[in-house]
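Asks: Can you read through this structure? Questions will come right after.
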Ligand code: CA
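Now the structure itself:
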């Protein structure tokens with residue numbers, strides 16, 4: 003993956019930065035002007051809950067001064083609960099997601115940012131062994147290189163989620179971690195800014211992740227992932243290194259699968275050495291050899307009609323940042339193109355209409371009626387749904403890629419189950 007980029011001149015870099023109108027990285031840019039007093043008594047039960055949580059926080063070693071600076075000013079935010087409960091009916095297909103995540107502009111901006119902050123990246127690469135392009139890509143995806151942290155005060159967001167979100171125990175732990183950050187003096191409570199879900203700063207660290215992995219790289223004694231690019235870059239690299247990044251391996255590569263490939267093996271749980279995949283007939287693009295990787299898996303995000311990827315340990319490390327395959331693929335492809343490498347060569351099946359949540363539920367129910375046990379019909383395609391769908395495809399003599407299409411749903415709904423024959 004470490005394809006040497008041809009470095010643009012500084013003049014070109016600056017021209018690029020101007021052309022892209024890159025936002026200045028200032029906290030004020032992202033901080034919302036939230037009014038502390040506007041709705042202090044908006045939810046009396048929230049106030050009572052805060053008082054109870056404050057007692058627990060005191061018992062856990064948080065000082066009264068920290069509580070005064072944080073919980074005493076916390077607000078219940080209805081928009082956080084709206085976001086937490088949103089279940090979109092239509093999930094974007096991976097190619098629509100990647101069009102936005104790995105846009106030409108984001109690739110160019112990534113090259114520019116890496117050059118502008120070359121010394122910060124060089125230090126982090128030397129110290130943590132994680133490629134600069136991977137760190138840059140995460141930065142680009144998490145906040146568009148610092149343009150959008152999310153406009154929520156982290157204490158407000160987490161207190162709201164701990165009060166009545168879907169994962170209250172988790173949010174309680176993160177809220178306590180946020181209070182510890184303030185107490186340690188890394189950043190004043192008013193500057194603790196991030197997403198509705200509590201992720202903070204340029205690369206969207208949760209408070210617990212911050213406590214464990216944030217690094218002071220510029221030597222000012224503060225771990226500042228809101229205002230210091232060297233701290234952001236080193237903290238992100240430190241997280242990846244401690245999560246098991248292998249400097250000797252790439253994230254993976256696009257590959258060509260042999261004819262009659264058994265698609266039930268295209269799961270992250272199926273792992274073998276890249277050389278074993280090569281022996282099974284998997285080839286690099288343009289005749290290139292497969293990269294040397296242990297514990298490698300095949301992924302076919304759009305089934306038999308789309309690209310195939312060979313991914314390794316480092317791809318799984320990216321999943322620790324955000325446990326979505328689409329996210330990790332976006333980081334990998336963005337990094338590869340920031341490094342001057344190619345995007346995917348095989349086209350996505352863009353003509354294929356994605357199934358809605360309701361249609362996926364119908365597909366799951368129909369598979370269950372046929373005895374292809376896919377578990378609870380939850381409208382989300384996971385390994386069990388893919389496995390059930392593969393069994394159905396096999397019964398029809400079709401390539402068993404486990405990818406749900408409108409045609410398969412139609413067949414499942416029209417034909418009577420075997421028991422009725
Ligand atoms: Ca610092």
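Residue numbers (this note's numbering): 3 to 423. Beta carbons: idealized from backbone N, C-alpha and C, even for Gly.
What's the gap between the Cα of residue 156 and the Cα of residue 54?
Replies: Distance between the alpha carbons of residue 156 and residue 54 is about 19 angstroms.
Asks: Closer than 7 angstroms: is that where the CB of residue 225 sits relative to any heavy atom of ligand 1?
Replies: Residue 225: yes, Cβ under 7 angstroms from ligand 1.
Asks: Within the same chain, show all residues whose beta-carbon is closer than 6 angstroms to that of residue 401, passing over the 5 residues directly before and after it, in chain order.
Replies: Result list for residue 401: 306, in chain order.
Asks: Just to confirm before moving on: does the CB-CB distance between residue 204 and residue 148 stay below 8 angstroms?
Replies: In contact: residue 204 and residue 148 (Cβ atoms closer than 8 angstroms).
Asks: Quick check on DSSP: helix, strand or coil for residue 354?
Replies: Note: residue 354 maps to coil in three-state DSSP.
Asks: The beta strand (DSSP E) spanning residue 300 covers which residue range?
Replies: Note, residue 300: beta strand (DSSP E), 299-301.
Asks: In the DSSP assignment, the beta strand (DSSP E) including residue 168 goes from what residue to what residue?
Replies: First-last for residue 168: undefined, no H or E at that position.
Asks: Sorted by chain position, which residues of the same chain lie with C-beta nearer than 7 angstroms to residue 375's C-beta, five sequence neighbours on each side aside?
Replies: Taken in chain order, the residues that qualify are 390.
Asks: Could you tell me the alpha carbon to alpha carbon distance between residue 32 and residue 142, rounded to whole angstroms?
Replies: Low confidence applies to residue 32: its pLDDT is 35, below 50, so where it sits in the model is not reliable enough to give any reading.
Asks: Might you give, ordered along the chain, the residues of its own chain that have their beta carbon closer than 7 angstroms to the beta carbon of residue 368, omitting 5 neighbours on each side?
Replies: Hits under 7 angstroms: 414 and 415.
Asks: Tell me where the alpha helix (DSSP H) around residue 256 begins and ends.
Replies: No alpha helix (DSSP H) holds residue 256; the beta strand (DSSP E) holding it covers 254-258.
Asks: According to DSSP, residue 202 sits in a beta bridge with which residue or residues?
Replies: Beta-bridge pairing links residue 202 to 196 and 207.
Asks: Quick one, which of 295, 330 and 285 has its alpha-carbon nearest residue 274's?
Replies: The shortest C-alpha separation from residue 274 is found at 295.
Asks: Using the DSSP secondary-structure output, state which residues sit across from residue 310 in a beta bridge.
Replies: According to DSSP, residue 310 bridges with 257.
Asks: Pull the bridge partners of residue 87 from the DSSP assignment, please.
Replies: None; residue 87 has no bridge partner.
Asks: Find the nearest neighbour of residue 304 within the set 363, 388, 240 and 291, judged by alpha-carbon distance.
Replies: Measuring from the Cα of residue 304, the nearest candidate turns out to be 388.
Asks: From 58, 135 and 85, pick the residue whose C-alpha is nearest to that of residue 117; which is it?
Replies: Nearest of 58, 135 and 85 to residue 117, Cα basis: 135.
Asks: Any contact of the region 226-243 with the region 253-260, i.e. 3+ C-beta pairs under 8 angstroms?
Replies: No, because fewer than three Cβ pairs between the region 226-243 and the region 253-260 fall closer than 8 angstroms, the two stretches do not touch.
Asks: What are the boundary residues of the alpha helix (DSSP H) that residue 279 is part of?
Replies: Where residue 279 is concerned, the enclosing alpha helix (DSSP H) stretches over 276-281.
Asks: Run through DSSP, which three-state label would residue 1 get?
Replies: Here the chain has residues from 3 to 423 only, and residue 1 is not among them.
Asks: So, for residue 409: in the same chain, excluding its five sequence neighbours on each side, which residues have a beta-carbon less than 6 angstroms away from its beta-carbon?
Replies: Excluding sequence neighbours, residue 409 sits near nothing in its chain.
Asks: So residue 262 and residue 300 are supposed to be a Cβ contact under 8 angstroms. How far apart are they, rounded?
Replies: Contact doesn't hold; Cβ gap of about 14 angstroms is too wide.
Asks: Can we say the region 310-325 touches the region 242-254, given the rule of at least three CB pairs closer than 8 angstroms?
Replies: Cβ pair count under 8 angstroms is three or more, so yes.
Asks: Pairs of beta-carbons, one from the region 176-186 and one from the region 212-231, closer than 8 angstroms: are there three or more?
Replies: Flag = yes, the region 176-186 and the region 212-231 touch.
Asks: When you compare each of 101, 270, 192 and 110 to residue 74 by their alpha carbons, which one comes out closest?
Replies: The shortest C-alpha separation from residue 74 is found at 192.
Asks: Closer than 7 angstroms: is that where the CB of residue 192 sits relative to any heavy atom of ligand 1?
Replies: Result no, Cβ not under 7 angstroms from ligand 1.
Asks: How close, in whole Å, do the beta carbons of residue 253 and residue 320 come, if the pair is a contact with beta carbons under 8 angstroms?
Replies: Indeed they touch by this definition, with Cβ atoms about 7 angstroms apart.
Asks: Would you mind working out which of 159, 270, 126 and 276 sits nearest residue 216, comparing C-alpha positions?
Replies: Among 159, 270, 126 and 276, the Cα nearest to that of residue 216 belongs to 126.
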